[in-house]
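Q:
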Amino acid sequence: MGTNNHQEVKIRLRCIELPGRAIADRNAVRLGLQKGKEVIDDVLAEGDEIAFSCSFRVERNAATGMPNFLGPYAQGAPKERFIYLCWGERKGGVWDGFGRVKVHLKDLEWSAVEKAIAIGNPIEATIKMRDKKGGPLYASVKKENIIWEV
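In the numbering used here, the protein residues as written are 0 to 149.
(1) What would DSSP say about Tyr137, mapped onto helix, strand or coil?
(2) Examine the ligand GTP and report whether any of its heavy atoms sits within less than 6 Å of the Cβ of Gly46.
(3) Just grab the DSSP bridge partners of Ala23 for me.
(4) Roughly how many angstroms lie between the CA atoms of Val28 and Trp94, to the nearest whole one?
(5) So Gly46 and Ile39 are supposed to be a Cβ contact under 8 Å. How far apart are they, rounded?
(6) Where Asp41 and Asn60 are concerned, what is the direct C-alpha to C-alpha distance, given to the nearest angstrom?
What follows is the structure, given as structure tokens:
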């Protein structure tokens, strides 16, 4: 195992300010985590907070010094890695999605990854899941909607 440069790091997504389960003509809206092409761990989009945890293999990019996140939760190209949070409903166990949120990982420095690994804690993102109008957040999470902590 000592032959590769990969280390494991956990990322915990704390989703707050949820829009609730009734959105437009839907009344059982769920929020889930995308792993590969599948949505997992989805729960009703209500309450004070929903938390998701995912593990990544991570290596330092020798050229840029930035972390490269690898594994089934890592979406996008190496320089633009992100995690998808998905809005949808379960109909007979089948996911019926209607929107996604990109949680970009490019703002995470290697020092944060090293610190999280050293102390054995996840890197935590607190994300406000409503837009300015109170509806569900879509597209890329803007800096004012997310706080990263180790």
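All C-beta atoms, glycine included, are put in the ideal place defined by N, C-alpha and C. Nothing here was measured: the structure is a model prediction, and the numbers come from that model.
A: According to the structure shown:
(1) coil
(2) This structure lacks the ligand GTP; in fact it carries no ligand of any kind.
(3) Partner(s): none; Ala23 has no beta bridge.
(4) 11 Å
(5) Gly46 to Ile39, Cβ: 19 Å. No contact.
(6) 32 Å
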